[in-house]
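Using the numbering used here, you'd call the opening residue of the sequence shown number 1077 and step up by one each time.
Okay, structure first, notes after.
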Amino acid sequence: MADSREHTFTGTRGAITVREWPKEGPRYVVLLVHGYGEHMGRYEHVADSLVEHGAAVFGPDHMGHGKSEGERVFVDDFEDVVTDVRAVEELTRAAHPGVPVVLIGHSMGGLIASRYAQRYGSGLAALVLSGPVIGTWEVLRVLLAAPKPPEVPLDPTLLSRDPAVGAAYAADPLVWHGPFKRPTMEAFDRTLETIAKEGGIGPLPLLWVHGDDDRIVPLPGSRTGIDVFHGPDWTERVYPGARHEVFNETNKDEVLADVRRFVDRVLAR
């Protein structure tokens, strides 16, 4: 397991904790953007794979998530989260000037990373989206139509075919196990509209990875967003039978190998 350390900075809504997996003289830097209700501690094996591949890896716990400050899972404007991620990119560039930066976002992190690419994509080498909330997310329509969000947590069995993943998620004290919060859901809705309105990412290389049995962020809805978002250099990898967290799936080694090959191709240009 790669060594890691933590940094803290003042974000838009309070203190943000950043996890760094260092690499001396890295070929590239990875900026990891996690999903709803979770935290960067769940990405140790992803970081290990990327560090071994030659990357230095950085990732923040978003406001209201993990070890960062803020009301749990409360986000009233994802533009603020994007701004916080930008501060982390500036931290990486201070540590590794001139090194190409690859942005990887999962689920809600895919929403954040997509908007980030629209705002700051000219400075990125590549973008990877995993099960991204982009396009049409029918789950959100159901949540917003309800008089109040259901008092149930996310079903951990929908994360992966590996039952150990769901069990670890359910037992993790840094994971949010309570209901969705309406202001956060409304912020999701506004950001989806903003991404659709702002359009594509031009020449920025994109890798989109998704499980075809993802019932949290179903594949068809994300495709509607990807179709209008990607530029001419993009790659799609859909994994048969895989659920929402493809980085935690039974074929995670295949998924991470696809990410490494994509990065190799981009860096070789």
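Where is the CB? At the ideal position from N, CA and C, for every residue including glycine.
Distance from Val1322 to Gly1287 at the Cβ level is roughly 5 Å; contact confirmed, criterion being Cβ atoms closer than 8 Å.
Taking the CA atoms as reference points, Leu1179 sits about 10 Å from Phe1134.
Sequence-distant Cβ neighbours of His1129 in its own chain, meaning closer than 6 Å and more than five residues away, are Arg1336. Residue nearest to His1083 within the set Val1106, Thr1326, Val1164 and Val1331 is Val1164 (criterion: CA-CA distance). Our two residues, Pro1279 and Val1094, have alpha carbons roughly 29 Å apart in a direct line. Along the segment 1171-1219, the alpha helix (DSSP H) occurs as fully enclosed runs of 4 or more residues at 1184-1196, listed in sequence order.
Pro1259 places its beta carbon 8 Å or farther from that of Phe1154. When rounded, the separation of the alpha-carbon atoms in Val1215 and Ala1263 is 14 Å.
The criterion of a C-beta distance shorter than 8 Å is satisfied by Val1285 and Asp1334. For Gly1087, the enclosing beta strand (DSSP E) has its first and last residue at Arg1081 to Gly1087.
No residue range can be given for Pro1281, since it is assigned to no beta strand (DSSP E) and is classified by DSSP as neither H nor E.
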